[in-house]
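Reading through the structure tokens given below for one structure.
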Amino acid sequence: MISIKNLHASIGDKEILRGINLEVKAGEVHAIMGPNGSGKSTLSSVLAGREDYDVTEGEVTFNGKDLLELSAEDRAREGLFLAFQYPVEIPGVSNINFLRTALNEIRAYHGQEEMPAKDFLALVKEKSKLVELDSKLASRSVNEGFSGGEKKRNEIFQMAMLNPKLAILDETDSGLDIDALRIVASGVNKLKSKDNATILITHYQRLLDYIVPDFVHILYKGRIVKSGGKELALEMEAKGYDEIKKEFEIAD
Amino acid sequence: MSLVADNKSAVTQTLLDQLQSKSSKVAFMPDAEIISAIRYLEDKGIPNNKHEDYKYCNIEAVLRKEFKSVEQAFNELTKADIAPLKIDEAINLVVVNGNYNEALSEKMIVKGLTVKSLNELSSSEKGLLSSQAKSDTDALIALNTAFTGNGLFLQVDKNNIIPMPLHVIYVNSGNSSNVTNTRNFVNIQASAEATLIESFYNIGTAKVFSNFVSEKFVGENAKLTCYAFQNEGALSYSVNTNQVRINKYSNYTNNTFTLSGELVRNNHNVVLADSNCEAHLNGLFISNGTQQIDNHTLIDHQMPHCESNELYKGIAKDKSVGTFNGKIFVRKDAQKTNAYQSSKNILMSDDATINTKPQLEIYADDVKCSHGTSTGKIDTEALFYLKARGIGEESARKLLLQAFAQELIDKIEIPSLQERVLNLFEKAL
Ligand SMILES: Nc1ncnc2c1ncn2[C@@H]1O[C@H](COP(=O)(O)OP(=O)(O)OP(=O)(O)O)[C@@H](O)[C@H]1O
Ligand SMILES: [Mg+2]
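Line by line, the protein sequences are chains A and B.
Heads up: the first sequence is residues 7 to 258, going by the numbering used here.
Heads up: the second sequence is residues 5 to 433, going by the numbering used here.
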């Protein structure tokens with residue numbers, strides 16, 4: 007699905023990613039954990055195509071294509087989806103209009119016709135049920151005035167609508183109450199298939215109780231310093247990052 | 005006299021000479037009015053950027069560069085020329101090169117409505133002219149007064165509600181460079197109501213300096229809702245002055261949409277002359293190339309318990325320049341005034357410029373006034389968010405700019421006008 011080799015990225019002259027290696031195959035769920043500021047959101051932004059970062063070294067192949075060569079919109083059209091840690095409010099653009107435009111541009115990219123309005127509305131109805139998103143939210147401006155939890159749910163709703171191959175969920179669990187967490191997690195689980203893959207970025211084992219990862223990676227100072235199975239997350243939760251920090255202290 | 009002053013009067017004098025030799029005498033304007041207008045012009049000159057109110061809008065330079073000689077030669081227009089400019093839901097009235105053209109206008113008898121040319125005014129009606137727009141306040145008003153065309157007089161008699169909008173199509177048709185001075189008077193008497201659309205076009209083949217003056221009077225408990233649709237194209241340089249006076253319990257709204265025009269200067273001045281009235285001024289422009297769009301408003305609160313609201317938005321592309329200068333006066337008797345003003349702009353290129361200048365002068369102590377301006381680039385976070393969902397750069401920009409403009413486009417209550425504005429707006433994006 008995606009293969010990341012020796013990825014280095016910086017902003018200005020500050021290097022944030024310092025050689026990331028990661029291989030995710032179809033059907034897999036990977037979790038990335040790590041202390042604040044270690045570069046988790048940067049990794050997801052770089053993969054999604056945010057232009058603020060310079061990739062200085064390394065390569066990323068996404069379903070056989072050179073991901074780094076593609077524009078942000080083409081990455082999305084190729085099936086990459088990022089659930090933002092901080093979803094952006096866009097006053098004046100309705101959620102529905104936004105999603106219709108997105109869906110149809112993705113379809114056009116694949117040579118498909120626009121989805122008929124009736125089918126689109128049916129899809130909205132079906133997918134908003136999946137994350138129990140209040141139907142009123144669909145007609146409101148994108149994320150405007152949404153509560154923290156509503157924003158996160160809206161991310162997963164969009165994911166359900168766009169049906170990506172690879173979803174990167176950047177701290178989608180933070181800010182969710184227990185019920186919402188369960189709903190979002192079950193939504194993600196329902197969307198899982200042998201043909202798609204998920205990268206979960208999280209600070210909490212709690213999410214991983216619901217969405218069980220095949221692999222867990224620890225990101226620290228721009229590198230994946232440790233990888234393991236789901237038990238690694240439990241270990242980190244119990245011990246914290248002190249040991250990792252000591253072991254991998256890198257002079258800035 | 006300094007060299008600068010010499011040059012200044014030279015431009016004005018050349019223009020005056022040419023217009024005097026090429027225009028016929030204005031019959032309905034009193035001689036004394038014309039003479040004092042010309043005197044004011046000779047004295048002050050057409051304003052340049054040293055004039056505080058024209059700092060970002062050098063009219064004198066435009067006349068010097070683009071209107072060295074004016075020919076005042078025009079093409080005849082036919083009904084077919086006008087047809088595409090009409091608005092279906094409205095009574096369409098046509099003013100060509102400053103003169104009301106009855107043959108091209110729709111005839112309809114509506115109770116309480118008077119439509120006639122300024123030449124046809126009774127002597128008491130003539131007294132209304134220049135009652136609001138005074139020659140000794142602004143050189144462009146003076147120019148218009150001295151050389152005004154046979155414009156339009158619209159009146160709604162008291163207690164009458166005009167059921168459909170009135171649409172005045174101002175169209176210029178010069179075939180060599182020309183100056184038009186269009187004038188009208190809109191008189192909405194007590195407890196009357198009307199909706200007025202004013203559209204501005206140039207379908208001529210030459211440059212036009214279009215100097216428009218409208219006097220609007222809104223009587224006690226009356227309501228006037230106006231739309232200005234400005235789409236004069238690249239050959240047009242225009243100054244549009246609205247001098248409005250509104251009275252007790254009245255309601256005046258104006259929405260200006262500027263979609264083209266090489267230079268568009270709007271002076272929208274509203275006097276809230278009595279208590280408990282309200283004025284709403286809104287504007288939206290989108291500019292590209294080297295266009296200059298300049299909105300000046302003056303809200304003059306003279307009496308207590310009145311409200312004014314202003315919302316102006318602009319999108320400046322390429323090397324275009326947008327200006328918003330909003331003055332609010334709250335006179336000492338105007339207690340309990342609520343006055344709000346907001347100007348928001350988006351710069352689409354590094355070479356585009358936005359100037360904003362709110363000016364509040366408050367002489368009463370018990371008032372609520374606020375103003376805010378913001379100018380920025382398109383929100384890159386929002387842009388990235390849209391692109392990250394598969395929406396291409398161009399459609400993403402369009403979505404965001406449409407969202408920015410939507411609240412103004414939503415103010416249009418006439419469907420085909422709204423569609424016209426939206427289409428041109430989308431094309432200009
Ligand atoms: N646009 C930016 N400008 C400057 N520094 C940045 C920028 N983006 C990220 N950084 C820095 O890069 C480092 C990594 O940030 P990042 O957001 O990727 O961390 P994170 O692992 O997602 O942290 P958290 O767990 O708090 O979300 C931080 O030190 C951050 O300040
Ligand atoms: Mg983060």
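Ideal Cβ placement from N, Cα and C applies to all residues, glycine included.
These numbers come from a predicted model, not from an experiment.
Alpha-carbon to alpha-carbon, residue j and residue i
i: A:Leu53; j: A:Tyr210; result: 23 Å
i: B:Glu417; j: B:His272; result: 21 Å
i: B:Phe157; j: A:Glu79; result: 55 Å
i: B:Asp354; j: B:Lys59; result: 21 Å
i: A:Glu111; j: A:Arg83; result: 8 Å
i: A:Met242; j: B:Ser324; result: 57 Å
i: A:Asn160; j: B:Asn215; result: 52 Å
i: A:Asn27; j: A:Thr48; result: 14 Å
i: B:Ala107; j: B:Glu202; result: 18 Å
i: A:Ile70; j: A:Val194; result: For clarity, residue 70 of chain A is Gly in the given sequence; the question names Ile instead. When rounded, the distance between both Cα atoms is 25 Å.
i: B:Glu129; j: B:Leu122; result: 9 Å
i: B:Leu170; j: B:Gly396; result: 41 Å
i: A:Leu105; j: B:Glu75; result: 55 Å
i: B:Cys373; j: B:Ser347; result: 14 Å
i: A:Asp258; j: A:Gly155; result: Low confidence applies to A:Asp258: its pLDDT is 49, below 50, so where it sits in the model is not reliable, and the reading given next is rough at best. Looking at the two C-alpha atoms, the distance is approximately 36 Å.
i: B:Asn313; j: B:Ile38; result: 35 Å
i: B:Lys54; j: B:Ser28; result: 32 Å
i: A:Gly234; j: A:Arg113; result: 37 Å
i: A:Phe126; j: A:Lys196; result: 20 Å
i: A:Ser77; j: B:Gly155; result: 56 Å
Proximal residues to residue i (C-beta, below 8 Å), its chain only, five neighbours per side dropped
i: A:Arg81; result: Leu53, Ala54, Gly55, Phe68 and Leu73
i: A:His36; result: Leu28, Val30, Ala203, Thr204, Ile205, Leu206, Pro219, Asp220, Phe221, Val222 and His223
i: B:Ala36; result: none
i: A:Ser192; result: Tyr216
i: A:Arg188; result: Tyr216
Neighbourhood of residue i by C-beta, 6 Å cutoff - its chain only, sequence neighbours within 5 removed
i: B:Glu197; result: Ile165 and Lys227
i: A:Asn202; result: Lys171
i: B:Lys331; result: Leu302 and Gln363
i: A:Ile38; result: Lys46, Ile207, His223 and Leu225
i: A:Glu65; result: Lys11
i: B:Ala143; result: Leu45, Lys48, Ile50 and Pro51
i: A:Ile174; result: Ser50, Leu88 and Ile205
i: B:Gln159; result: Thr118 and Asn191
i: B:Ala238; result: Glu266
Close beta carbons around residue i, own chain, < 7 Å, minus the five adjacent residues each side
i: A:Gly40; result: Lys46, Ile224, Leu225 and Tyr226
i: B:Asp278; result: Asn251, Lys252 and Met307
i: A:Ile116; result: The displayed chain sequence assigns His, not Ile, to residue 116 of chain A. Hits under 7 Å: none found.
i: A:Ile250; result: Ile224, Tyr226, Val231 and Lys232
Residue i - DSSP class collapsed to helix/strand/coil
i: A:Gly193; result: helix
i: B:Asp35; result: helix
i: A:Pro93; result: coil
i: B:Leu7; result: A caution first: B:Leu7 carries a pLDDT of 41, below 50, which makes its placement in the model unreliable, though a value can still be read off. DSSP places B:Leu7 in helix when its eight states are reduced to three.
i: B:Ala338; result: coil
i: B:Ile413; result: helix
i: A:Gly181; result: coil
i: A:Pro219; result: coil
i: A:Ile22; result: strand
i: B:Tyr58; result: helix
Contact under 8 Å by Cβ, residue i with residue j
i: B:Thr186; j: B:Val99; result: yes
i: B:Thr141; j: B:Met33; result: no
i: B:Asn225; j: B:Ala194; result: yes
i: B:Thr327; j: B:Asp298; result: yes
i: B:Asn179; j: B:Ala84; result: no
i: B:Leu200; j: B:Cys230; result: yes
i: B:Ala31; j: B:Ala146; result: no
i: A:Asp60; j: A:Ala15; result: yes
i: A:Ser145; j: A:Val99; result: no
i: A:Ile96; j: A:Asn149; result: yes
i: B:Leu288; j: B:Ala386; result: no
i: A:Val190; j: A:Lys158; result: yes
Any non-hydrogen atom of ligand 4 closer than 7 Å to residue i Cβ
i: A:Ser16; result: Among the ligands present in this structure, namely ligand 1 and ligand 2, ligand 4 is not found.
ask   = Going along the chain, which residues of the region 387-398 of chain B sit with their C-beta nearer than 8 Å to a C-beta in chain A?
value = The region 387-398 of chain B vs chain A, Cβ under 8 Å: Phe388, Tyr389, Leu390, Lys391, Ala392, Arg393, Gly394, Ile395, Gly396 and Glu397.
query = For the region 368-386 of chain B, which residues have a beta carbon sitting closer than 7 Å to at least one beta carbon of chain A?
reply = The residues in question are Glu385 and Ala386.
key: chain B contacts from the region 42-58 of chain A (Cβ-Cβ distance under 9 Å)   = Correct list: Ser51, Ala54, Gly55, Arg56, Glu57 and Asp58.
inquiry  = What are the residues in the region 57-73 of chain A lying within 7 Å of chain B by C-beta distance?
reply    = Listed by position along the chain: nothing, the set is empty.
message = Along the region 14-35 of chain B, where does the CB come closer than 7 Å to a CB of chain A? Name the residues.
response = Answer in chain order: no residues at all.
key: Residues in the region 153-186 of chain A having any Cβ partner in chain B nearer than 8 Å   = Answer in chain order: Gln164 and Leu168.
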